[in-house]
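Protein chains in written order, with the working numbering: chain D, 4 to 111; chain E, 4 to 111.
Backbone N, C-alpha and C fix where the C-beta goes; we use that ideal spot for every residue, glycine too.
Data first, discussion second: the structure below is written as structure tokens.
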DNA sequence: TATTTATGCAACCAATTGATTGCATAATCA
DNA sequence: TGATTATGCAATCAATTGGTTGCATAAATA
């Protein structure tokens, strides 16, 4: 599969799942309770998230607890970095401009 | 259309377009030159990005220059914030643990 | 004015997606 | 052991996606 994390977070249900399992491990059934779709639909989302290496799992008896591999989310953060550089730079430029205008105003 | 920025960045071609127009305004034709797909395919990507309010455009004669509304990218950053809090918190906890272990080691 | 050029829109198409139902397997419980 | 429960997999389906070709429009150029 040529799936990546950007595909994973494209779907709103999957984004909600990621938030839910970010702080606590949950079973597929527990997750399905949170949504108005069938357990199997949730299961397919889990499968996709798993393929994207976003999940760690722990088997307890016949239950499987899924939790978010939070470090994987850093990949999105890293991609955003190139844009963050730009908006921070532009903010600095605006800041410089305002400082300059202010000092010019004080001189008059 | 119920499209959002997460849909917009799900496609690799669109991500590449966003990078290209982040620092310079480009026409659809100029963009199409960068990819191995038809101009119309690029045009459809532009349409989608536009629906997501990711673009500003300036018409010059019959050419249209598209540039990224960089502030819109902050929406992704904001969504990531909840995860960033978690991984930064865990890093702090690890840091505390290491500091604690170190001091205990010094005491022995 | 006639031709070229830049762009957007419509129709179409194959592949993918998100969901469903049904079934198989494995673990728990009465 | 037999019934229940948790999960995953397969088949199926409608809707969406990313791509194509063809056409219409508007601006620049000869």
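Segment limits, alpha helix (DSSP H) that includes residue 103 of chain E: 77-110
Alpha-carbon spacing of residue 108 of chain E relative to residue 94 of chain E, whole angstroms
21 Å
- Query: For residue 31 of chain D, which residues from the same chain have a beta carbon less than 8 Å from its beta carbon, with the 5 sequence-adjacent residues on both sides left out?
  - Reply: 42, 45, 46, 49, 67, 69
request  = Please say whether residue 75 of chain E and residue 57 of chain E have beta carbons closer to each other than 8 Å?
outcome  = yes
Counterpart residues of residue 60 of chain D in DSSP-defined beta bridges
D:69
| Since residue 17 of chain D is in the alpha helix (DSSP H), which residue starts that stretch and which ends it? | 15-26
Report the rounded CA-to-CA distance for residue 88 of chain E versus residue 104 of chain D, giving the unit in angstroms.
36 Å
field: Whole-angstrom distance between residue 106 of chain E and residue 16 of chain D, CA atom to CA atom
entry: 45 Å
- Please state if the CB of residue 23 of chain E and the CB of residue 37 of chain E are separated by a distance shorter than 8 Å. yes
| With 16 other CB atoms within 10 Å as the buried threshold, where does residue 79 of chain E fall? | buried
Cβ atoms of residue 82 of chain D and residue 77 of chain E: under 8 Å apart, would you say?
-> no
May I have the straight-line CA-CA distance separating residue 63 of chain D from residue 73 of chain E, to the nearest angstrom? 46 Å
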